[in-house]
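Count along the sequence shown from 1, then add 1; that gives the number in our numbering.
Cβ atoms here follow ideal geometry from the backbone N, Cα and C, with glycine treated the same way.
Fair warning: this is a prediction, and the values are worked out from it, not measured in the lab.
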Amino acid sequence: WSAASSDEVVRLTELVLDYSVRTSSPLFFNQLFGRVDPIGLAADNVISALNTNAFTWEVAPVFTTLERALVRRLVRVFGLPEDSEGVFVPGGSMANMYGMHS
2 WSAASSDEVV RLTELVLDYS VRTSSPLFFN QLFGRVDPIG LAADNVISAL
52 NTNAFTWEVA PVFTTLERAL VRRLVRVFGL PEDSEGVFVP GGSMANMYGM
102 HS
């Protein structure tokens, strides 16, 4: 196995794009999701560029602080007890696993 050249990476990227559904189109809407959200796309770019995980404050102080603030806000929005806790997970399957475990 050898590393691909820049030209090969471009060719493969174009191939993937040619055969992919254009989910970013404003005309795209699926039963499970709609087109890309511009704010979500910008956030995804930042997160991808940082390439970090929010396991601990020492590794990701901004993200762990943000997660705590968002959980506190959601507790207030939904009228939950002030000592309620929460966590953000990467998708529905992981959320179900956390739900079954707790």
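Review point. Expressed to the nearest angstrom, what Euclidean distance is found between the alpha-carbon atoms of Val60 and Val37?
Key: Val60 and Val37 have their C-alpha atoms roughly 29 Å apart.
Check your understanding: Tell me, which residues are paired with Phe30 by DSSP?
Key -> Beta-bridge pairing links Phe30 to Gly35.
Point to revise | alpha helix (DSSP H) segment containing Leu81, residue limits | key: Leu81 -> no alpha helix (DSSP H), and no H or E assigned at all.
Check your understanding: Per DSSP, what kind of secondary structure is Phe64 in: helix, strand or coil?
Key -> Three-state DSSP puts Phe64 in a helix.
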